[in-house]
Amino acid sequence: MTIPDIVKILESKGHAQYDGEPVTQLQHALQSAHLAEQQGADSALISAALLHDLGHLLHDMRGSPTTEGVDDLHQYLCIPFLRPLFSEATLAPIRMHVDAKRYLCRKEKGYLESLSADSARSLQLQGGVFTEEQANAFAAQPFALDAVELRRWDDLAKDGDGVTPDLAHFTRHMEKAALMHQLHRAETTATTATTATTATTATTATE
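Read in order, the letters of the sequence shown correspond to residues 6 to 212 in this note's numbering.
Laid out in structure tokens, this is it:
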């Protein structure tokens with residue numbers, strides 16, 4: 006999957022109504038990304054906010070699967086498609102944003118009661134409120150704080166009258182995040198190759 010592929014999916018399928026909410030899938034994605042940008046998040050996390058529900062658009066189930074008692078595992082479904090493009094700074098918050106809801110339900114007083122009807126319904130399908138042990142294990146993971154921030158933006162990004170920049174604006178953040186990931190991979194590969202060459206040279210010199 007390429008960034009143009011992602012844009013095409015959001016443009017072609019994103020106008021479906023987010024069942025139980027006053028926004029479409031695309032509006033929800035844009036509002037989430039806009040909130041992340043307003044909070045000073047970097048392009049990797051803004052991209053995570055934009056794409057956290059992309060998995061909902063990658064299957065053929067209509068409406069909200071939760072109304073049929075189905076957990077579509079959307080937080081995992083999109084990861085194999087996004088992995089070639091983005092680093093864990095984008096992938097982990099997407100993968101963890103459902104568990105972040107379960108975490109906040111355990112750790113933050115009043116959070117459970119604040120959930121929208123669809124989020125509350127899906128919570129039960131997604132495993133319910135974390136135990137204290139599960140919550141502590143979640144918090145110890147890399148990117149847990151980012152996942153919690155993404156969850157908060159997710160909860161707020163349901164404003165039927167919300168105004169945001171357009172998809173092209175946030176596509177630039179995806180492009181930047183993808184480029185940074187590619188550059189990091191290239192640097193890592195170059196460093197590994199240099200280390201291997203140095204080790205080989207040193208071994209040869211001592212023989």
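Every residue, glycine too, gets a C-beta built ideally from N, C-alpha and C.
Contact under 8 Å by Cβ, residue 38 with residue 94: Not a contact, by the Cβ cut-off of 8 Å.
Same chain only: Cβ atoms within 6 Å of residue 52, ignoring 5 sequence neighbours per side: 95, 178, 179 and 182.
Proximity below 8 Å, CB of residue 140 to CB of residue 114: No.
Residue ranges of each alpha helix (DSSP H) within the region 11-68, 4 or longer: The qualifying runs are 30-43 and 48-56.
The region 6-15 in contact with the region 154-161 per 3-pair CB rule at 8 Å: Using a Cβ-Cβ distance cut-off of 8 Å, the region 6-15 and the region 154-161 are not in contact, since fewer than three pairs of beta carbons, one from each stretch, lie closer than that value.
Residue nearest to residue 170 in terms of C-alpha spacing, selected from 23, 7, 9 and 34: Of the candidates 23, 7, 9 and 34, the one whose C-alpha sits nearest the C-alpha of residue 170 is 34.
Residue 119, buried or exposed, once every other Cβ within 10 Å from all chains shown has been counted against 16: Classification of residue 119: exposed, given that the 10 Å Cβ count is below 16.
Spatial distance of residue 83 from residue 129 (CA atoms): Approximately 21 Å, taken between the alpha carbons.
Start and end residues, alpha helix (DSSP H) containing residue 139: Counting along the chain, the alpha helix (DSSP H) containing residue 139 begins and ends at 137-144.
Residue 148, enclosing alpha helix (DSSP H) - first and last residue: Per DSSP, residue 148 is not a residue of any alpha helix (DSSP H), being assigned neither H nor E.
Pairwise C-alpha distance: residue 195 and residue 80: For the pair residue 80 and residue 195, the Cα-to-Cα distance works out to about 32 Å.
Residue of 102, 43, 24 and 98 minimising C-alpha distance to residue 66: Shortest Cα-Cα distance from residue 66 to any of 102, 43, 24 and 98 involves 24.
Contacts around residue 104, its chain only, beta-carbon distance under 6 Å, and the 5 residues preceding and following it disregarded: Answer for residue 104: 143, listed in chain order.
Residue nearest to residue 189 in terms of C-alpha spacing, selected from 85, 161, 108 and 90: Of 85, 161, 108 and 90, the residue nearest in Cα terms is 90.
Host alpha helix (DSSP H) of residue 219 (start-end): Nothing about residue 219 can be reported from this structure: the residues present for the chain run from 6 to 212 only.
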